[in-house]
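Report on the structure given below.
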Amino acid sequence: MTKAQTSTRFQTLAATAALLALAAFAGCAGEKESFFVRRSQPLPPQVRQILRDAVLSQPVPASLKNPQGAAGSWRSLQGFYGQRDYLPVWSTSNGPSRQAMALIAAIPALAADGVDVSRYPVERLAILAREVKETKSFEDPDAQRRLSDLDVELTYTYLSLAEDLATGSLQPEKLPIEWYYKKRDAGIESTLTQALGAKTPGGMAKTLRALAPPHPGYQRLTQALAAYRGIAARGGWGEVPAGPPLKLGDKGPRVAALRARLIASGDLSAPPPAPGSPVPDSYDEAVAAAVSHFQGRHGLEPVGKVGDDTLAELNVPVAARIRQIEVNLERWRWMPASLGDRYIQVNVPDFRLDVVEDGQVPLTMRVIVGKPKSHTPNFTGRMSYVELNPNWNLPDDIAANEIAPKLAADPGYLARQNMELVRGWGNKEEVADPEAIDVSKLGKGSPYRIRQRPGADNSLGQVKFMFPNPFDVYLHGTPSQHLFARTVRSFSHGCVRLEKPQDLAAFLLRENPKWTPEAIQEAIDSGEHQAIPLPRPLPVYILYWTAWVDPDGTVQLRRDLYGHDATIAQALAHEPPVWIERKALREQVMAAK
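Going by this note's numbering, the sequence shown opens with residue 20, and the numbers climb by one from there.
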C-alpha cells in the first residue's frame with residue numbers, strides 16, 4: 020500500500036471515528052436538557068489539581084513524541100491553563116462539550132490543506148471523550164484523570180494543529196534548504212479562546228480554517244491537491260513506454276498510452292472510447308496541442324513532440340505530484356501574512372521574475388539563478404535604488420578560487436577582463452599592481468579585492484538593482500544574453516541575472532519624469548556610474564515554488580532544482596505523531612528495558 024493510499028485510508032478511519040464520537044455524544048440529546056440539568060454541578064476540586072499537575076509537572080510529557088519540537092506548543096498550553104487557573108475548558112460535569120466533539124470531527128477534513136492528519140490522535144480522543152461522557156460520577160480518581168487527560172490532549176491537539184495550519188509542521192531554519200523568511204504571528208492562543216466560545220456547530224472548523232495562509236495562491240493550490248487526489252483515486256495514470264521521440268503522424272501502442280496519460284491529467288480533452296472499440300493510437304493535431312500544453316505547464320519548451328525530458332515528466336507518478344503539491348503548501352505556511360500590493364517575485368525553479376501590482380503582472384522576464392553548487396537563497400529584501408554602469412567587487416571566494424589561479428599564470432589577465440586590484444575604500448581607495456603582491460593570498464582576510472570596472476562586458480551588465488541583504492545577492496544584467504535561450508538557467512554564483520534589466524529599471528523609475536527609457540539609455544551610454552533612488556521602494560521575494568496554480572486554473576509544476584523539495588518531503592514523512600497512547604508508551608518503555 021502506498022503512502023497516499025495509507026493516508027487516504029487513515030482519513031476515512033479518522034472521519035469514521037470522529038463521526039461515531041459525535042453520534043455517541045448526540046445520543047445524550049435523547050434525554051433532552053433534563054439529563055444535563057440533573058448532572059450539571061461543579062467538578063470536584065481534585066480535577067483542577069490533577070490538571071495543574073499534568074500541565075506543570077514536567078516541561079514536556081513523555082507521551083508527546085519529539086519533545087524538542089513540541090516544546091513551543093506545550094509552553095503555549097501551560098500559559099493558556101495558567102490564565103484560567105487550571106480549570107477544564109473542554110468538559111463539565113455533563114461530559115465533553117460540543118466544542119470538544121467539534122474539534123475531533125474537524126481534524127480529518129483538514130487533510131484538504133495537505134496537513135498530515137494521521138499524526139493526530141482522532142481515534143484516541145474519540146475514545147477518551149466517550150469514556151468521559153459515560154462517566155456517572157467524577158468523585159472517582161480514575162474518572163478525574165480521564166477528564167484531565169481529555170482536556171489537556173484536546174488543548175494540545177488544537178494548538179499543534181493550529182500551528183501546522185498557520186505556520187507549518189516543520190521548522191525551515193533547521194533544514195538545509197536556505198529558507199530565510201520570518202514566520203508570521205498567527206495569534207494561535209487567542210484563536211483557541213475564540214474556538215471555545217463558538218456558538219455554531221461549524222465554528223470550530225471555521226476558526227481553524229481561518230488560520231491557513233490567506234493568499235489566493237495557497238487556496239488555488241489546495242484545489243489542485245484535491246484534483247490530483249481525485250486522479251489518484253481513479254487509478255492515477257500509466258507510464259508511457261520508453262522509445263524514440265513521439266511526434267505528429269506517429270501511430271501505435273505508445274501513442275495510445277500517451278493519449279491515455281494526457282487525458283488522465285486533463286491536458287487532452289477526449290471522450291472515452293465506446294465499449295469494445297479500439298483505443299485511438301494516432302498522434303494527431305489534438306495530441307500535439309495537448310503535449311505542448313503539458314510541456315508549457317512543466318517548464319519545458321512547448322514543441323508538441325515527446326522527447327526524453329517530456330517523457331520523464333509524463334512518467335512522474337501522481338503520488339509524487341501530490342507530495343510535490345503538499346510540500347509547496349507547507350512552504351506557503353512559512354510565508355508572511357501579506358506580500359503587499361506591489362512587489363517583485365523571483366521564482367528560482369521557474370527561472371522567472373514577475374513584477375506584481377494589485378494582483379496583476381505588468382512585467383515578467385526570464386532570469387538566470389545560482390548553480391546547483393552555488394544556490395540562490397530564499398529571502399526577502401527591500402529594493403531602494405538602481406545602479407547604472409555598476410562596478411563589480413568580486414566576492415572573496417570567486418577571487419580566491421577562480422581569479423587568483425588565472426592571475427598567477429597570466430599577470431595580464433586582469434587588464435584584459437577590465438578588472439583591477441584595489442585596496443581600501445572611499446577616499447582611501449588605491450589601485451595596486453598585481454605583480455607586486457602574492458596573489459595566492461587573495462580572498463577572505465586579504466586587504467586587496469578585485470573589482471571589474473563598468474562596461475558592456477561587466478559581469479553585472481549595465482544595470483544593478485540594490486536591496487541590501489546578508490547574502491550579497493542582487494538582481495542585475497549580464498553580457499551573456501545567449502544563456503536566456505536555455506530552458507534550465509542555473510549558471511550564476513547565486514545572484515539573479517535579468518533578461519531585460521533596462522525594462523525593469525524603466526518600470527520602477529517611471530514615476531520620476533527625469534528617468535525616461537531614453538534618459539536611462541543615455542546615462543548607460545555615458546559609461547559613468549550612477550546610483551538612482553527609486554521613487555517607491557518595494558519588497559523583493561526570492562522564492563522556491565515547484566508547484567503553483569495560475570489564476571486561470573492551470574497547474575504549474577517544475578523540477579526540484581536544488582533538491583529542497585526532497586528534503587522537505589523527507590522531513591514531513593518523518594514528523595512523529597502529535598501524541599501517542601499511554602499504552603503504546605508503556606510498551607516502548609518495556610521494550611527499551
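Here a beta-carbon is modelled for each residue, glycine too, at the ideal position from N, C-alpha and C.
Remember, it's a predicted structure, so these values are computed and weren't measured experimentally.
Under the DSSP definition of a beta bridge, which residues are partnered with residue i?
| i | result |
| --- | --- |
| G389 | S511 |
| T383 | D373 |
| Y467 | R442 |
| K324 | According to DSSP, K324 bridges with nothing at all. |
| P4 | Nothing about residue 4 can be read from this structure; the chain reaches only from 20 to 612. |
| L576 | A566 |
| F15 | Past the edges of the chain, shown from 20 to 612, lies residue 15, and the structure says nothing about it. |
| P558 | R401 |
Where residue i and residue j are concerned, what is the direct C-alpha to C-alpha distance, given to the nearest angstrom?
| i | j | result |
| --- | --- | --- |
| G326 | S288 | 22 angstroms |
| T241 | E345 | 9 angstroms |
| T506 | P396 | 20 angstroms |
| A283 | A588 | 25 angstroms |
| G318 | P424 | 38 angstroms |
| D170 | H394 | 46 angstroms |
| A48 | Y100 | Bear in mind that a pLDDT of 39 at A48, under 50, signals an unreliable position, so the number given afterwards is only what the model happens to contain. Those two C-alpha atoms are separated by around 30 angstroms. |
| A603 | W93 | Caution applies to A603, whose pLDDT of 47 falls short of 50 and renders its modelled position unreliable; the value that the coordinates give is listed next. The alpha-carbon atoms of A603 and W93 are separated by roughly 21 angstroms. |
| W109 | R239 | 34 angstroms |
| P115 | A148 | 6 angstroms |
| G46 | I123 | Because G46 carries a pLDDT of 43, less than 50, the predicted location of this residue cannot be relied on, and the following value inherits that uncertainty. Straight-line Cα distance between these residues: approximately 17 angstroms. |
| V298 | Y247 | 24 angstroms |
| W411 | A550 | 14 angstroms |
| N437 | F510 | 21 angstroms |
| Y467 | I543 | 28 angstroms |
| L426 | I456 | 11 angstroms |
| T383 | G268 | 36 angstroms |
| S296 | A128 | 41 angstroms |
| R278 | D300 | 8 angstroms |
| T573 | Y302 | 23 angstroms |
| E448 | V441 | 7 angstroms |
| H593 | R472 | 51 angstroms |
| K392 | F503 | 20 angstroms |
| G285 | D429 | 59 angstroms |
| I207 | K193 | 22 angstroms |
| H548 | L407 | 6 angstroms |
Does at least one heavy atom of the ligand NAD sit under 6 angstroms from the Cβ of residue i?
| i | result |
| --- | --- |
| P414 | With respect to small molecules bound, the structure shown includes none, and the ligand NAD cannot be examined in it. |
Start and end of the beta strand (DSSP E) containing residue i?
| i | result |
| --- | --- |
| A592 | First-last for A592: H583 to A592, but that is the alpha helix (DSSP H), not the beta strand (DSSP E). |
| G400 | N397 to L407 |
| Q364 | R361 to N366 |
Between which two residues does the alpha helix (DSSP H) containing residue i stretch?
| i | result |
| --- | --- |
| M223 | G222 to R228 |
| Y177 | P160 to T186 |
| P536 | P536 to S545 |
| V306 | E304 to G315 |
| P520 | P520 to L527 |
| M120 | R117 to A125 |
| E449 | Note, E449: premise wrong, no alpha helix (DSSP H); beta strand (DSSP E) at E449 to A451. |
| Q500 | Note, Q500: premise wrong, no alpha helix (DSSP H); not H, not E. |
| Q65 | P64 to L75 |
| Q238 | P235 to A252 |
| N347 | V337 to W351 |
| Y105 | It is not in any alpha helix (DSSP H) - Y105 carries neither H nor E in the DSSP assignment. |
| K152 | V141 to K152 |
| V274 | P272 to A283 |
Quick one: residues in its chain with C-beta nearer than 6 angstroms to the C-beta of residue i, no 5 flanking neighbours on either side, listed in chain order?
| i | result |
| --- | --- |
| E52 | Below a pLDDT of 50, predicted positions are generally treated as unreliable, and E52, at 34, falls in that range; no measurement from the model is reported. |
| L333 | V259 and R280 |
| G315 | P321 |
| A90 | V79 |
| A418 | L461, G462 and I469 |
| L189 | A590 |
| E50 | At E50 the pLDDT is 37, less than 50, meaning the model places this residue with poor confidence; the figure from the coordinates comes in the next sentence. Here the set comprises nothing. |
Can you give me the Cβ contacts of residue i inside the same chain, cut-off strictly under 7 angstroms, excluding the 5 residues immediately before and after it?
| i | result |
| --- | --- |
| D584 | Q343, V346 and T565 |
| L106 | R67 |
| Q118 | W109, A214, L215, A217 and M223 |
| I69 | Q163, R164 and S167 |
| P232 | W351, R352 and M354 |
| P556 | R401, M402 and S403 |
Who are the near neighbours of residue i in its chain, counting only those whose CB is closer than 8 angstroms to its CB and skipping five residues on each side?
| i | result |
| --- | --- |
| L553 | M402, S403, Y404, V405, L527 and L528 |
| E172 | P140, R143, L144, L147 and W598 |
| R371 | V365, T383, M384, R385 and V386 |
**Asked** Is it a yes or a no for the region 447–467 touching the region 363–383, going by three-plus beta-carbon pairs under 8 angstroms?
**Response** Verdict: no, contact absent.
**Asked** If we count Cβ pairs, one from each stretch, closer than 8 angstroms, do we get three or more for the region 354–363 versus the region 190–210?
**Response** yes
**Message:** Under 8 angstroms, with one C-beta from each stretch per pair, do the region 516–526 and the region 491–500 reach the 3-pair mark?
**Reply:** yes
**Asked** Below 8 angstroms, can you find three or more Cβ-Cβ pairs linking the region 167–182 to the region 372–388?
**Response** no
**Stretch-stretch touch, CB-based, cutoff 8 angstroms, three pairs: the region 295–307 with the region 565–574** = Result no; under three Cβ-Cβ pairs closer than 8 angstroms.
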